[in-house]
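K.L.:
Here's a structure for you.
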Amino acid sequence: MLIRKMILNNFRNFKNTEINFSCDPKKKITIILGQNTYGKTTLVKAFIWCLYKINLFEDKILLNSDISDYLLVGKEETAKVMVEFEHKGVSYRITTKETYSRSSSDNIVVAKKAYSTGLKVVEQNTIPISENHIDEEIESILKPELKEYFFFDGETNSIEQVSAKKNLTVAVTNILGISTIEAFKEYYDPHRSDSVPSALRKDLISSDELNAIDLNNQLEKYTQQRQTYLDEIETIEREINELDNQLEEKNNLLDANKDVEKDQNDKKRLEKEIETAKFDKDKAFDRMIQIVNGSSAFLKILFAKSFVKYNLKELMEKSSFKSNSSYKGINEEAVNELIKAGRCICGAEIKNGNDAYRHLMEAKQHMEPHDYSKYISDFVSAEASNIYNAETICENIRSEAGIVNNKIEAIDEYETRLKTIRERIEGRLDVGSIQSEINNIMYQKGHQQSVLENSKSKIPDIEKKIDDINEKITKSSEANEENAFILKCIEYSNSIYQLAITQLEQSKMEIREKLQDEVSTIFKAMYHGNREIIIDENFRASAIVTDGNQDKNLDKSTGLGTVVNYSFVAGLMNLAKQSLLKNELTNDDNIGESYPLVMDAPFSNTDDEHIKNICKTLPIFCDQIIMFVMRKDYNYAIESIREQVGKLYRIQKESETDAIVCEEDL
Amino acid sequence: MSKIEIDKKVRREIIKWTHYYFHKKEMNQWTKSNTVNEIVKIIKKEIKENVD
Amino acid sequence: MAMFKKQIRFTGKHAEIMQKYCKDKGGDQEIKFTVSNNSGLNKDIYIFENRIDIYLIGGMIGVLEKRKAEIDRSTSTYATIMVEIIDKYRNHLNRLYQHMILAEDSELDPDTRIKKAFKVQMSDEESEIEQKNLEDYVRGGLEIIDEIFCECKTYEDICNCMFELTERYQLSNNDD
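Chains as they are written, first to last, in the numbering used here: chain Z, -18 to 647; chain D, 196 to 247; chain P, 118 to 293.
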């Protein structure tokens, strides 16, 4: 399928727009330039609405607001989209309109719901397509499942669905036709109460009514149970998928904020350092005060100082009190007693004025309480000790004071650095909390997975029970000849079911291999490095280094991730083109068809080399490529893609309600 | 269960009609039970006519 | 010696100085010595543990700097040192007195000075006069201590004062 042209009239913010897409096989790319909000999603949704009459807009009024604002009561206006495209040599023009009017209560209402008309040109004959057959016609051109997978979003590097997010496995199975086989499996599944074999069973006549009722009740019960579990499983799988999406989002956030993580770690470290420094400072201060007070240390420094300053040693030496002249063990009082007694201990007479008397009077000056030489020598030796210690004590005090000052300086420095970091982090994401969110999600995911496992494990048992009951029913029916026919029908039905089961597995495997080959070929053309693509059983693509180790750190910013995704999308599209599944269950008419690859912001995460490669390679595998690009990205990529671009447009926003699309020269 | 010989041509025919009704369902908003009923009819018809 | 027999009581601004820089605060009004942390938090600190410590050190500083000050009664604050403490610190008190006498410029000759410094018996009158003399020095020293520390607002300030003090009174420093 090649899109030739699209015209919009009064459709959303496009009052009158015509876009001619490039169909030149040598220049397959059509570029539409515009900022993010300018209306590119609108154009894609317009396309889908025109072909399928599916309105993907949140606000369901499709009529341009300026037009609807001026709509008078009772009058009508129409929103219209026309698409011209080509398929298998036949040209088609589909026009879809929806008419609106203003009601008497002044609201804009749908006057005539979306209806389509069509024309096709076959070998120069123009044939109108009736309204009844348009849907059928379009469905045969473009597989219904494909309409939802149009959009490749360069921003998030994923196959963005315009309508709803489903998981990738579902996407691939739908695109590649496995869904038909799955439908077969479902319709012929004997474990389902709404299936063909179950309907056939209802026709069995039972000879033993009661037993039959009982068995049927049991069957009902188990098929219900099974269905409940299956529904549960589907819900949980959806939830797990949602959790995975969240995980990816948050991990991307983490990656983008690795610098914040470093800052946060530094911040923690600095805070710890500050705390330690404060503690040390306080301790040193306390020690300093301790030294001053301990055993009156400071006082003794002052004593020593005084001794030195006032030359007390000299003073004392100048005195007449000599140390060797002191009498120990005797005091003045005792001598006075002797004098009073008039006789010394040695027997000598003591009389006023005699030698003994004079000696004793002299001696009194050298004993307590006049033992000045002793007092002096005690003083001097005490001060000598103080002098000895003074320097050390002063040193110790200064040392602790120094530590306090150092710590204060360090704390100042740390706090300055901390302030800088805090300012840098402010407003940025808290990496720590993102990480805990991630942990939380992983926990939830783990929980869901175990619930899933549990539910899944219950299914085989129930199916066995159902099989057993069916067996019983069959056995009791065999007796009755009238049932032979029905039993035969059931047998055919079961055979188809078995076919579906085996072919489902086989097809998935085949598809996976083919997809891997296809995607690898494209990948190698776009990327020159030592990597290979592998596709896992959930159809997810990843690039591994050729020696077999999976590279977990797919650096998205260099574009490797982008290239992988493009390869995947292109490979998928290419496969869809081929008639892949040749087996009994598929319809031979169901040959796949290629359709245009619509890409949104494809260059925003890639570098020069990859842009070149992408633009060279994709056109090989896609017949038509439509890209929505921001002008700055286009300017960057222009040299690489100029040769491939057939048409260039830009969306210009005249106002909120008015956008125009203008062609530009290449 | 009894060993009934499956006539592959008959099966093929049933499969073809199943496709038809799948297609019809998606087009015309038929319900699933409609489709199932039609398929049941087809099976009965085919087997009655073509299987001894 | 009759000196240092009764409790010591300081009044007015000298009492305030004593209380401010001591751990052992008392009296009717709490006079704090506060510094601020890096983070702006205020902490109450002290330089001397007991009032007897600051008395003694104040006395020595007064003697070293030859500074005296009269009794002040400008406020109703008072600070007391109990007799039990005085008894414990008697040796230091005596030593303080000795330094005071020995250091005093006087016309007294060495012998007389030494006799006066180490005098054991003193009359009550004499004791009172001498103790007052000593306490004039103590008051002077307290004022000097206050002059040094009153401007301190942070830990750094205190440490810098400590540097200053140790430098002033270290033996290798030859002043005057």
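Every residue gets a Cβ at the ideal spot worked out from N, C-alpha and C, and that includes glycine.
(1) Do the region 276 to 289 of chain Z and the region 177 to 190 of chain P meet, that is, are 3 or more Cβ pairs less than 8 Å apart?
(2) At the 8 Å Cβ level, is Tyr168/Z part of the contact set with chain D, yes or no?
(3) For a test of the three-state rule: what should DSSP assign to Gln484/Z, helix, strand or coil?
(4) Rounded to whole angstroms, what is the Cα-Cα separation between Pro577/Z and Ala180/Z?
(5) Grab the span of the beta strand (DSSP E) containing Arg521/Z for me, first residue to last.
(6) Measure the Cβ-Cβ separation of Gln136/P and Met199/P and say whether it is below 8 Å.
(7) Can you say whether Asp352/Z is buried or exposed, counting buried as having 16 or more other CB atoms within 10 angstroms of its CB?
(8) Do we get a CB-CB distance below 8 Å when we pair Asp228/P with the residues of chain Z?
(9) Please compile the residues from chain P whose C-beta is within a distance smaller than 7 Å of the C-beta of Asn274/Z.
(10) Counting only Cβ pairs nearer than 8 Å, list the residues of chain B close to Asn232/D.
(11) In chain P, which residues lie with their C-beta within 7 Å of the C-beta of Ser307/Z?
(12) If Asn475/Z sits next to Pro178/Z, beta carbons under 8 Å apart, how far is it from one beta carbon to the other, in whole angstroms?
(13) Can you find the residues in the same chain that come closer than 8 Å, C-beta to C-beta, to Leu319/Z, ignoring five residues on each side of it along the sequence?
(14) Is the region 233 to 246 of chain Z touching the region 361 to 377 of chain Z in the sense that three or more CB pairs, one from each, lie closer than 8 Å?
(15) Name, please, each residue of chain Z whose Cβ falls closer than 7 Å to the Cβ of Thr283/P.
(16) Where does Val246/D sit, in a helix, a strand or coil, going by DSSP?
(17) Along the region 278 to 293 of chain Z, where does the CB come closer than 7 Å to a CB of chain P? Name the residues.
(18) Anything in chain P within Cβ reach of Tyr353/Z, meaning under 7 Å, just list it in chain order.
(19) Hey, does Ser301/Z have any beta-carbon neighbour from chain P nearer than 8 Å?
(20) Give me the residue from Ile357/Z, Phe279/Z, Ile516/Z with the minimum Cα distance to Lys303/Z.
(21) Under three-state DSSP, which class holds Met580/Z?
(22) With a threshold of 8 Å between beta-carbons, can Lys262/Z be considered close to chain P, or not?
(23) Compare the Cα-Cα distances from Thr128/P to each of Ile203/P, Thr194/P, Leu210/P, Gly175/P and report the closest residue.
(24) For the 8 Å Cβ check, are there 3 or more pairs between the region -3 to 4 of chain Z and the region 33 to 49 of chain Z?
(25) Hey, does Gln142/Z have any beta-carbon neighbour from chain D nearer than 8 Å?
(26) Kindly indicate the opening and closing residues of the alpha helix (DSSP H) around Gln208/Z.
(27) Inspect the beta-carbon positions of Gly427/Z and Thr11/Z and report whether they are closer than 8 Å.
(28) Am I right that Tyr473/Z and Arg206/D are in contact with their C-beta atoms under 8 Å? What's the rounded C-beta distance?
(29) Please compile the residues from chain Z whose C-beta is within a distance smaller than 8 Å of the C-beta of Ile178/P.
(30) Let me see if you follow: with CB-CB separation under 8 Å, is Val385/Z close to chain P or not?
(31) Are the C-beta atoms of Ala145/Z and some chain D residue less than 8 Å apart?
(32) Can you have a look at Met423/Z and say buried or exposed, based on whether 16 or more other CB atoms are within 10 angstroms of its CB?
(33) Taking only three categories from DSSP, how would you classify Met269/Z?
(34) Using CA atoms only, rank isn't needed, just tell me which of Thr216/Z, Ile122/Z, Ser176/Z is closest to Gln430/Z.
(35) Determine whether the Cβ of Ile265/P lies closer than 8 Å to any Cβ atom of chain Z.
(36) At what residues does the alpha helix (DSSP H) containing Thr194/P begin and finish?
P.N.:
In this structure, then:
(1) Three or more Cβ pairs drawn from the region 276 to 289 of chain Z and the region 177 to 190 of chain P lie within less than 8 Å of each other, which places the two stretches in contact.
(2) For the purposes of this step, residue 168/Z is taken as residue 187 along the first sequence, with counting starting at 1. Taking Cβ atoms only, chain D reaches closer than 8 Å to Tyr168/Z, which makes this a yes.
(3) Here residue 484/Z is taken as the residue at index 503 of the first sequence, counted from 1. Correct three-state label for Gln484/Z: helix.
(4) Counted from its first residue, the first sequence places residue 577/Z at position 596. Counted from its first residue, the first sequence places residue 180/Z at position 199. Approximately 43 Å, taken between the alpha carbons.
(5) Along the first sequence, read from residue 1 onward, the residue named residue 521/Z stands at position 540. Where Arg521/Z is concerned, there is no enclosing beta strand (DSSP E), given that its DSSP letter is neither H nor E.
(6) In the third sequence, residue 136/P corresponds to position 19, counting from 1. In the third sequence, residue 199/P corresponds to position 82, counting from 1. Their beta carbons are not under 8 Å apart, which means Gln136/P does not touch Met199/P by this criterion.
(7) Looking up residue 352/Z in the first sequence gives position 371. With at least 16 other beta carbons inside 10 angstroms of its own, Asp352/Z counts as buried.
(8) As a first step, residue 228/P is located in the third sequence; it is residue number 111 there, counting from the start. Cβ-Cβ to chain Z under 8 Å: yes for Asp228/P.
(9) Working through the first sequence from its first residue, we reach residue 274/Z at position 293. Ordered by position in chain P, the residues that pass the 7 Å Cβ test against Asn274/Z are Phe165, Glu166, Asp170.
(10) Absent here is chain B; the protein component of the structure consists of chains Z, D and P.
(11) Your numbering for residue 307/Z matches position 326 in the first sequence. Going along chain P, no residue has its Cβ under 7 Å from Ser307/Z, so there is no contact; the nearest lies around 12 Å.
(12) Locating residue 475/Z in the first sequence gives position 494, counting from the first residue. Locating residue 178/Z in the first sequence gives position 197, counting from the first residue. For Asn475/Z against Pro178/Z, the beta-carbon gap comes to about 6 Å, under 8 Å, which counts as contact.
(13) Position 338 of the first sequence, counted from the start, is the residue given in the question as residue 319/Z. Closer than 8 Å at the Cβ level, and outside the excluded window around Leu319/Z, lie Cys325, Ile326, Ile331, Leu341.
(14) No: fewer than three Cβ pairs fall under 8 Å.
(15) Numbered from 1 along the third sequence, position 166 holds the residue referred to as residue 283/P. Within 7 Å Cβ-Cβ: Cys375, Ile378, Arg379.
(16) In the second sequence, the residue the question calls residue 246/D occupies position 51. Coil.
(17) Those residues of the region 278 to 293 of chain Z placed with their C-beta closer than 7 Å to a C-beta in chain P are Phe279, Leu280, Ile282, Leu283, Phe284, Ala285, Lys286, Ser287, Val289, Lys290, Tyr291, Leu293, ordered along the chain.
(18) Here residue 353/Z refers to the residue found at position 372 of the first sequence. By Cβ distance, chain P contributes Ile231, Lys232, Phe235.
(19) Here residue 301/Z corresponds to residue number 320 of the first sequence, with the count starting at 1. Closer than 8 Å to some Cβ of chain P, the Cβ of Ser301/Z qualifies, so yes.
(20) As a position in the first sequence, residue 303/Z is number 322, starting the count at 1. If we check each option's Cα against that of Lys303/Z, Ile357/Z comes out closest.
(21) Within the first sequence, numbered from 1, the residue matching residue 580/Z stands at position 599. In the three-state reduction of the DSSP assignment, Met580/Z falls in the strand class.
(22) What you label residue 262/Z is simply residue 281 of the first sequence in a count that begins at 1. Residue contact check for Lys262/Z against chain P: a CB pair falls below 8 Å.
(23) Taking the third sequence and counting its residues from 1, one reaches residue 128/P at position 11. If we check each option's Cα against that of Thr128/P, Thr194/P comes out closest.
(24) Pairwise C-beta distances place the region -3 to 4 of chain Z out of contact with the region 33 to 49 of chain Z, as fewer than three of them are shorter than 8 Å.
(25) As a first step, residue 142/Z is located in the first sequence; it is residue number 161 there, counting from the start. Its pLDDT being 37, under 50, Gln142/Z is placed unreliably by the model, and nothing is read from it.
(26) The sequence position of residue 208/Z within the first sequence is 227, counting from 1. 190 to 237 is the extent of the alpha helix (DSSP H) around Gln208/Z.
(27) Numbered from its first residue, the first sequence carries residue 427/Z at position 446. Numbered from its first residue, the first sequence carries residue 11/Z at position 30. No, the Cβ-Cβ distance between Gly427/Z and Thr11/Z is not below 8 Å.
(28) As a position in the first sequence, residue 473/Z is number 492, starting the count at 1. As a position in the second sequence, residue 206/D is number 11, starting the count at 1. Taking the Cβ atoms as the reference, Tyr473/Z lies roughly 6 Å from Arg206/D, within the contact range of under 8 Å.
(29) Sequence index remark: in the third sequence, residue 178/P carries index 61 (1-based). By Cβ distance, chain Z contributes Leu283.
(30) Here residue 385/Z refers to the residue found at position 404 of the first sequence. Closer than 8 Å: yes.
(31) For this step, residue 145/Z is matched to residue 164 along the first sequence. Residue placement at Ala145/Z is flagged as unreliable, the pLDDT there being 35, under the threshold of 50; a coordinate-derived value is accordingly withheld.
(32) As a first step, residue 423/Z is located in the first sequence; it is residue number 442 there, counting from the start. Label assigned to Met423/Z: exposed.
(33) If you number the first sequence from 1, residue 269/Z lands on position 288. Correct three-state label for Met269/Z: helix.
(34) For this step, residue 430/Z is matched to residue 449 along the first sequence. Measuring from the Cα of Gln430/Z, the nearest candidate turns out to be Thr216/Z.
(35) Position 148 of the third sequence, counting from 1, holds the residue named residue 265/P. Output row for Ile265/P: interface = no.
(36) On the third sequence, position 77 is the one that residue 194/P refers to. Unbroken run through Thr194/P: none, as it is neither H nor E.
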